[in-house]
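Here my numbering runs 1397 ahead of the position in the sequence shown, where the first position is 1.
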Amino acid sequence: MKLKEQIQSWLEEVEAKTFSSADDVEQFRIDWLGRKGRMKDVMAAFKESPNEEKRELGKLINQFKQSIESRIAAGLAAGTSDAIEESAVHDWTRPDGGAPAGAHHPLSVVRREIIGILERMGFVVSEGPEIEDDWHVFSGLNFPEEHPARDMQDTFFVDRNPDMLLRTHTSSVQVREMARREPPMRIIMPGRVFRNEAISARAHCMFHQIEGLYVDKGVSFADLKQTLLRFAQEFFGADTKIRLRPSYFPFTEPSAEVDVYWGLETEVDKRITKGTGWLEILGCGMVDPAVLEAAGIDSREYAGFAFGMGVERITMLKYQIGDLRAFFESDLRFLRQFQGQY
Ligand code: PHE
């Protein structure tokens, strides 16, 4: 077939061409106009053709080229208008899937649960400052002058005022509450505390405590024990066992540490309980008469108990979290696991 007829038949082919997608249009462009496209062959054949035919052939080839280009333009335009049509039929009044919901931090979940249990027993929530003075953190709690907790190694002091420090426990709020309230009082005091510790899987320089205080006439150690047993059974389950081990705090006498029975069946149980089956959850005791007196409460008339628990520790127990640092790293893969928990 002579070049002229060949082009005329291609022209018909091109003019009839339809596209089903933008990719289709692009493939067509490459086939004809690409670096190795068929137009190259057409031009090569044109060069070889006799000179007297070149004028007419040249016109035809130009027309053919324009035809290809306008097919491509039309194909691309169709693609765009399809897209426009599609968005025009989208129903914008349809309800969407809802915004992605955040999750409560596990420490907030547990803090709320602990407070809920104690509130149902008649405790009310109170808070105090994180930056405190020596009186509320140490002296008012019967810490002797040379007590190691007062050491720079354990406590963050404020540079410009050595009397000011970051509270190392929420017991400081006990001192504030006893000074401003009249007994009877039943208070829980949640908050952050700070200690100069190297950060590891088991320790952090900042953590959370919930302090409890009950002062009234005739408060006994039996009341303390029953309150803590009841708390542990509400929090960990009705058949939870606790034990009290004698301990020492400057501001309580007698003092105890409370363990919950964790179990000793698996290797993990053995490891986390150090082979005993028991895990410590809090410190407690009868408020030392000297502490009541320092706060202006008559210790011959009133008695009290106090306890302080670590929220991280209890959360790790409840959710079997092996590394304390997970609470403070804001890793969404960790935090999302608590979605839907209140
Ligand atoms: N404040 C103590 C601590 O941080 C805990 C505690 C609170 C002990 C109340 C007895 C009474 O370790």
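Think of the CB as a built atom: it goes at the ideal place given N, C-alpha and C, for glycine as much as any other residue.
Paired residues, beta bridge with residue i - DSSP
i     : result
D1420 : Partner(s): none; D1420 has no beta bridge.
S1652 : S1644, G1682
Y1658 : W1675
F1554 : L1562
D1613 : A1700
I1639 : V1657
M1603 : F1591
Simplified DSSP assignment, three categories, for residue i
i     : result
Y1699 : coil
E1608 : strand
K1414 : coil
P1587 : strand
D1666 : helix
G1472 : helix
G1705 : strand
E1542 : coil
Cβ pair residue i, residue j closer than 7 Å
i     : j     : result
G1537 : V1507 : no
F1648 : D1685 : yes
G1634 : F1704 : no
R1589 : E1527 : yes
F1443 : I1404 : no
F1553 : F1604 : no
Top-ranked residue by Cα proximity to residue i, from the options
i     : options                    : result
V1657 : V1708, N1539, T1670        : T1670
E1412 : E1510, M1575, S1464, R1557 : S1464
L1676 : E1654, L1689, A1692        : E1654
Y1611 : H1605, A1619, I1718        : A1619
V1708 : T1567, A1692, L1408, R1640 : T1567
R1640 : F1632, K1622, F1646        : K1622
W1532 : D1420, T1565, R1730        : T1565
V1616 : P1581, S1597, P1643        : P1581
M1683 : S1696, G1674, L1729        : S1696
D1551 : E1529, N1539, E1594, V1422 : E1594
S1523 : M1575, R1557, I1511, P1587 : P1587
E1529 : P1559, F1632, D1548, I1678 : P1559
R1627 : N1539, W1659, M1518        : M1518
Inter-residue CB distance, residue i and residue j (contact presumed, cutoff 8 Å)
i     : j     : result
I1585 : L1515 : 5 Å
V1534 : S1569 : 5 Å
F1646 : G1680 : 6 Å
A1500 : Q1736 : 4 Å
R1722 : A1598 : 7 Å
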